[in-house]
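Residue numbers (my numbering): 4 to 235.
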Amino acid sequence: MRPIRITCLLLLLLYSGSLYSQGNKINPYKLNIISNPGAYTLLVKNDSLKQLLDIKKTVPGIVLDIRYATSNNFTHKKVYTSARAFARLKVVRALAGVQSELSKQGLGLKVFDAYRPYAETLLFWDIIHDTAYVASPVTGSRHNRGCAVDVSIIELKTGKELQMPTPFDDFTMKAGAGYQQVAPAAKLNRQRLISIMSKYGFTVYPSEWWHFDFNGWKDYELMDLSFEELTL
Ligand SMILES: [Zn+2]
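Right under this line is the structure:
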């Protein structure tokens, strides 16, 4: 009986191992990337915090302006299949906290980008070879982990963005989170955004005032699933 039990255990291990390996897309940088819906399902089954949630459906009143789903972005083409934003469970909960606190001041968040499939990181790198502004495919982006968001603040009543030092995806020094030569109102609004996001567990990226990484992002895998594959 014993050898049979061992054989069964080995078969089970091989089976679960093969499910995981199905999710590992072979790429030039030998990164472990979840790129198979089955591997993602298994990941979430083992740890529900790994789930990527639709931000719009989960955070009341949050506004989306997904530039990569339009041609109004630095690539000048539509790179996303739909104007949606996803992030890991804890990230979405933190955004809900920010949104709720801002709403008490008549303000809210606008999201330009959140989870980004790894394939798009490869595309962005082909266009801009500068790690100050786009992630290197050697490491992948925190957006690929569902743990980064690009956001600004809007007035709830008008939907207008508060004045910030630059528009989103302005790849100049002026976009720096600590850049000093900006209008006082823009500096104040930038500080307001950085402070509230920090309070809920995010860290601003030094060269982009709009980009925030969720603390603990290292615990989450790189992913290369489309938005549609996340909601299968
Ligand atoms: Zn970003």
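By construction, the Cβ of each residue, glycine as well, lies at the ideal position given by its N, Cα and C atoms. Since the model is a prediction, treat every value here as computed from it, not as a measurement.
The beta carbon of Ser85 sits closer than 7 angstroms to those of Ala72 and Phe230, all from its chain and outside the five residues before and after it, given in chain order. Taken in chain order, the unbroken stretches of alpha helix (DSSP H) that lie wholly in the region 66 to 132 and span 4 residues or more are 92 to 106 and 121 to 130. Met176 sits in a helix when the DSSP states are folded into three classes. Between the alpha carbons of Ile36 and Thr161 lies a gap of roughly 41 angstroms.
The beta carbon of Glu123 sits closer than 6 angstroms to those of Val82, all from its chain and outside the five residues before and after it, given in chain order. Per DSSP, the beta bridge partners of Leu56 are Ala90.
Taking C-beta atoms under 8 angstroms as the contact rule, Leu159 and Asn192 fail to qualify, at a distance of about 15 angstroms.
For Thr44, there is no enclosing beta strand (DSSP E); the enclosing alpha helix (DSSP H) has its first and last residue at Pro40 to Asn49.
At a cut-off of 8 angstroms, the beta-carbon of Asp129 does not count as near ligand 1: no heavy atom of the ligand is closer than that.
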